[in-house]
Structures are given as C-alpha cells and as structure tokens.
Amino acid sequence: PLALPKPPNAVDVSCHNLVKRFPDGTVALDDVTIECPPGGITVLLGPSGCGKTTLLRCVAGLETQTTGTMSIGGRDVSAVDAGLRGVAMVFQNHALYPDKTAEGNLAFPLRMAGVPKRERARRVAAIAELLQIDGLLKRRPGQLSGGQRQRVGIGRALIREPDVLLMDEPFSSLDAELRVEMRAEFLALQRRLGMTTLYVTHDQAEALSLADRMVVLRAGRIEQATSAEEMFRRPATSFVAGFLGGMNLLAGTLDDGTLRVPGHPHGLRLPALPANGSQNLTLGVRPEDLKPGPGGPDDLSFEITTMLTELLGRERLVHGHLGDRRLKVRVHADVPVGERLTVHAAAADLHLFDHDGARLPG
Ligand code: ATP
Numbered sequence: 008p009l010a011l012p013k014p015p016n017a018v019d020v021s022c023h024n025l026v027k028r029f030p031d032g033t034v035a036l037d038d039v040t041i042e043c044p045p046g047g048i049t050v051l052l053g054p055s056g057c058g059k060t061t062l063l064r065c066v067a068g069l070e071t072q073t074t075g076t077m078s079i080g081g082r083d084v085s086a087v088d089a090g091l092r093g094v095a096m097v098f099q100n101h102a103l104y105p106d107k108t109a110e111g112n113l114a115f116p117l118r119m120a121g122v123p124k125r126e127r128a129r130r131v132a133a134i135a136e137l138l139q140i141d142g143l144l145k146r147r148p149g150q151l152s153g154g155q156r157q158r159v160g161i162g163r164a165l166i167r168e169p170d171v172l173l174m175d176e177p178f179s180s181l182d183a184e185l186r187v188e189m190r191a192e193f194l195a196l197q198r199r200l201g202m203t204t205l206y207v208t209h210d211q212a213e214a215l216s217l218a219d220r221m222v223v224l225r226a227g228r229i230e231q232a233t234s235a236e237e238m239f240r241r242p243a244t245s246f247v248a249g250f251l252g253g254m255n256l257l258a259g260t261l262d263d264g265t266l267r268v269p270g271h272p273h274g275l276r277l278p279a280l281p282a283n284g285s286q287n288l289t290l291g292v293r294p295e296d297l298k299p300g301p302g303g304p305d306d307l308s309f310e311i312t313t314m315l316t317e318l319l320g321r322e323r324l325v326h327g328h329l330g331d332r333r334l335k336v337r338v339h340a341d342v343p344v345g346e347r348l349t350v351h352a353a354a355a356d357l358h359l360f361d362h363d364g365a366r367l368p369g
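So for the sequence shown, full-length UniProt numbering puts the first residue at 8; every next one is plus one.
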C-alpha cells in the first residue's frame with residue numbers, strides 16, 4: 008500500500024455563460040455553460056482554435072473571463088486567484104525545470120507551499136512510486152524519455168493533491184504507441200485517485216476512450232455535451248458527426264417522407280420522417296455502417312467508384328467517388344481501385360440533419 012494521502016473528495020466544476028474576449032477583439036469563448044461531473048473525466052474536443060485551451064485556462068485562473076461565472080465544489084471561484092482554486096494543470100510540453108532533477112521538479116510545488124522537508128520527501132517518494140518513476144528521481148529532464156518526462160509532469164501536478172486536474176493535450180507530443188499506453192495508465196490512475204479532470208484533446212480516439220462526459224466546441228460555442236457513447240451514437244449536429252468518427256456526409260432531399268440522394272436511383276421511404284413538403288438535408292452514414300452489395304428494399308444503396316484503399320489492420324478503408332462526392336467505406340477484403348462497388352446501409356444506420364446541420368428527430 009502506498010503512503011499516498013487520501014484521494015481528494017471529488018468536486019464538481021461548472022461554468023456558466025462564460026465569454027472570453029481578448030483585447031484584439033477575438034471571441035475565444037462565446038457563452039459557454041458546462042457541468043463537469045465530480046470525480047469524472049470531462050473531455051473538451053474540437054478543431055484547432057475552437058477555444059479548448061482558453062476554457063481550461065479560465066478554469067485554472069490563468070485567464071480571466073470577460074463575463075460569466077465559474078464554480079468548483081459549489082464555491083464561486085470566478086474572482087479567486089489561480090493558486091487558491093485547488094486546481095493543477097498538465098501541459099503538452101510538460102514545462103519541467105530543465106536544471107532541476109525529477110525529484111526537484113516534483114518537490115518544487117511543495118517547497119513553494121512551505122511544506123517541511125521530511126513531508127516533502129515522503130510525498131515525492133509516494134508520487135514517484137505511483138507513477139513508476141522512483142528509479143529516475145536523480146535525473147534531469149534532458150536525461151528522461153518523453154513518456155518519463157510526462158510522468159514527472161503529471162506527478163508535479165498531482166503532488167499538491169488538487170481537487171481538479173486540468174490536462175491540455177498531455178500526450179500529444181508522444182509517439183502513437185506510447186500515447187495509447189500513457190492514456191491507459193492515466194485512466195487507471197484517475198480512476199484510483201478520483202480527481203475531477205478536464206482533458207483537452209483534438210484526438211477523437213483519445214476523447215472516446217477517456218470521456219465520462221464529452222464536450223465538442225466549435226468556434227467558441229458548445230456544439231454538443233453528453234456521454235461519449237451517446238455522442239457517437241446520436242451526434243446532435245452534422246459537424247459533430249463529421250468530426251467524430253469521420254461520418255460520410257451527403258447532401259440530399261426529403262420529399263414527402265422519401266429520402267433522395269444523388270447516386271441512389273429510387274429514394275428510400277422513411278416512415279418516421281415528416282411526410283409532407285420537401286426539404287434539403289444532410290445524410291450521414293459511418294464508413295463501418297456501409298456493407299457490400301445492394302441490400303434490400305429498406306436499405307439505401309450506392310454505387311461508388313473506388314479510388315484508393317487504406318489498410319487499417321484487419322480492415323481496409325476504401326475511398327470512393329459518388330458523383331462529385333467522396334464516400335468512405337470500411338471493408339474486410341481488398342477491393343481493386345477504379346472499379347464500381349455497390350454498398351448499402353440499413354435505414355437504422357442513417358443519420359439525418361436539417362439544412363442548418365441539426366439532427367432531425369426520429
Ligand atoms: P488548439 O487545438 O490549436 O490548441 P484551442 O481550441 O485550444 O486550439 P485556443 O487556444 O483556446 O484554441 O484559442 C481560441 C481562439 O482564441 C483562437 O482563435 C486563438 O487564436 C484565440 N486566442 C488565443 N489566445 C489569444 C490571445 N492571447 N489573444 C488573442 N487571441 C487569442
């Protein structure tokens with residue numbers, strides 16, 4: 008058993024109507040309201056520049072919001088200094104002191120907080136054991152691998168037992184294999200210690216594997232906030248659908264309950280849809296939900312021209328043309344390039360969005 012201090016009591020983090028306008032007029036956050044469940048991992052996901060880091064820095068107190076409020080564990084921290092929020096942050100570049108040993112880096116926040124020497128040594132030893140860096144304490148950052156450095160960075164954030172841990176793309180500088188390993192280790196650690204975590208990434212596989220709650224941001228606004236599973240199963244907008252899992256998106260029309268898309272000769276009757284009038288819409292279908300062959304009368308089929316295939320492992324991703332649109336299909340067997348390929352999707356696997364990108368009910 009580790010001589011680690013008790014896990015912190017999990018707190019909730021909530022932001023209400025946060026707006027962040029920088030002096031140059033850039034609005035990085037535009038009325039953001041989120042609730043992060045206590046003890047869970049909330050993943051902030053979105054394209055570059057959507058405001059993820061700004062949101063994290065506002066929660067940390069490193070940036071002051073223009074308007075809006077923030078609370079941690081029920082306490083309004085909107086105007087509380089960064090050092091007094093009970094929050095620690097781990098950065099992508101781990102920001103270790105290059106001249107200090109791993110031990111010195113770990114002990115530094117405790118020294119700043121005036122923790123006595125013996126207590127510091129005890130906590131450094133405990134955290135080093137937890138992160139499996141006990142053999143490396145005398146090394147400087149330059150003598151550590153990327154993964155080891157990031158462990159020290161995480162250790163330095165955790166050593167003050169923060170209520171809230173903020174992580175800004177912590178593993179993005181690591182190679183793919185190590186990144187997957189480190190995130191699994193981090194997940195186990197987070198589950199054990201139970202600190203409320205906000206985690207920024209733009210890697211959707213990472214987001215899906217870590218998130219208790221997932222928040223997709225787009226241009227400073229929340230596009231959708233829900234569980235990872237729900238977001239994948241029922242993306243609320245065509246933007247989320249395209250971003251998460253690379254859903255194929257095709258323009259189509261709905262005429263009196265019949266869905267028509269270019270390249271599909273007959274149209275598909277969808278009883279759950281409104282049966283009057285005509286509207287433009289976006290049809291979404293995931294590459295893995297397209298199956299070879301024409302399917303039955305309740306399926307939507309497409310004939311595509313194969314353009315290129317990518318080996319994914321057991322499966323291949325076939326990129327094809329459907330008229331002037333592109334369509335990706337996951338298949339098991341190899342498919343020759345430049346051939347016609349008929350694929351179909353079951354009606355239940357279709358996602359429909361109105362012309363503003365909002366998911367159609369049903
Ligand atoms: P990335 O994934 O590329 O790190 P991000 O989602 O974290 O992006 P932010 O760093 O939060 O995005 O930036 C959000 C927006 O605010 C961007 O348009 C960015 O250019 C802008 N921005 C960030 N910091 C400042 C600043 N100090 N002054 C002006 N604009 C800023």
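The beta carbon of each residue, even a glycine, is placed where N, CA and C say it ideally should be.
The model shown is predicted, which means the values in this text are computed figures rather than measured ones.
Given D83 as reference, the closest of A95, G68, M174, M96 once Cα atoms are compared: Among A95, G68, M174, M96, the Cα nearest to that of D83 belongs to G68.
Mind checking which residues open and close the beta strand (DSSP E) that includes C22? Taken as a continuous stretch (DSSP letters only), the beta strand (DSSP E) holding C22 covers 20-28.
C-alpha gap between L151 and A95, whole angstroms: The straight-line gap from Cα to Cα measures roughly 22 Å.
Since I41 and A232 are thought to touch, with beta carbons under 8 Å apart, how far apart are those beta carbons, to the nearest angstrom? About 6 Å; that satisfies the 8 Å criterion.
Which word fits A10, buried or exposed, when buried means at least 16 other C-beta atoms lie within 10 angstroms of its C-beta? Since pLDDT at A10 reaches only 43, below the 50 mark, its modelled position is unreliable, and the value read off the structure follows with that caveat. A residue is called buried when at least 16 other Cβ atoms come within 10 angstroms of its Cβ; A10 does not meet this threshold and is exposed.
Grab me the residues of R118's own chain with a C-beta within less than 8 Å of its C-beta, minus the 5 sequence neighbours each way, in chain order. Taking C-beta separations shorter than 8 Å and ignoring five residues to either side along the sequence, the partners of R118 in its chain run R127, following chain order.
Contact set for M238: own chain, Cβ-Cβ below 8 Å, skip 5 residues either direction: Excluding positions up to five away in sequence, the list reads M221, V223, Q231, V247, L251.
Buried/exposed call for N287, threshold 16 Cβ in 10 Å: Classification of N287: exposed, given that the 10 Å Cβ count is below 16.
Tell me whether the beta-carbon of P304 lies closer than 7 Å to the beta-carbon of H351. Contact flag unset, no.
Range of the contiguous beta strand (DSSP E) that encloses L251: Unbroken run through L251: none, as it is neither H nor E.
Under 6 Å, CB to nearest heavy atom of the ligand ATP: contacting residues: Selection output, chain order preserved: F29, D31, T33, A35, G53, S55, G56, C57, G58, K59, T60, T61, H209.
Buried/exposed call for R241, threshold 16 Cβ in 10 Å: Flag for R241 reads exposed.
If we count Cβ pairs, one from each stretch, closer than 8 Å, do we get three or more for the region 288-299 versus the region 332-343? Under the three-pair Cβ rule at 8 Å, the region 288-299 counts as touching the region 332-343.
Which runs of the beta strand (DSSP E), 3 residues or longer, sit entirely within the region 262-311? Scanning the region 262-311 for uninterrupted beta strand (DSSP E) segments of 3 residues or longer gives 265-267, 285-292, listed from N- to C-terminal end.
Same chain, Cβ closer than 6 Å to V325, neighbours up to 5 away in sequence not counted: Within the same chain, and ignoring the five residues on either side of V325 in sequence, the residues whose Cβ sits closer than 6 Å to its Cβ are T313, T316, V336, V338, V342.
Return the residue from the list R167, L261, L103, A102 that minimises the CA-CA distance to L367. For L367, the closest alpha carbon among the candidates R167, L261, L103, A102 is that of L261.
Applying the 10 Å Cβ sphere with the 16-neighbour rule, what's the burial state of P8? Residue placement at P8 is flagged as unreliable, the pLDDT there being 35, under the threshold of 50; a coordinate-derived value is accordingly withheld.
For Q139, count the other beta carbons within 10 Å of its own beta carbon; 16 or more makes it buried, fewer makes it exposed. Which is it? Its Cβ having fewer than 16 others within 10 Å, Q139 is exposed.
Pick from A35, L63, G153: whose alpha carbon is nearest that of E188? Across the set A35, L63, G153, the C-alpha of G153 shows the shortest separation from the C-alpha of E188.
Here's the rule I'm using: 16 or more other beta-carbon atoms within 10 Å means buried, otherwise exposed. How should L137 be labelled? In summary, L137 is buried, with 16 or more beta-carbon neighbours lying within 10 Å of its beta-carbon over all protein chains present.
Just reading off the beta strand (DSSP E) that residue 6 is part of, what are its end residues? Absent from the model: residue 6. The displayed extent of the chain is 8 to 369, so no value can be given.
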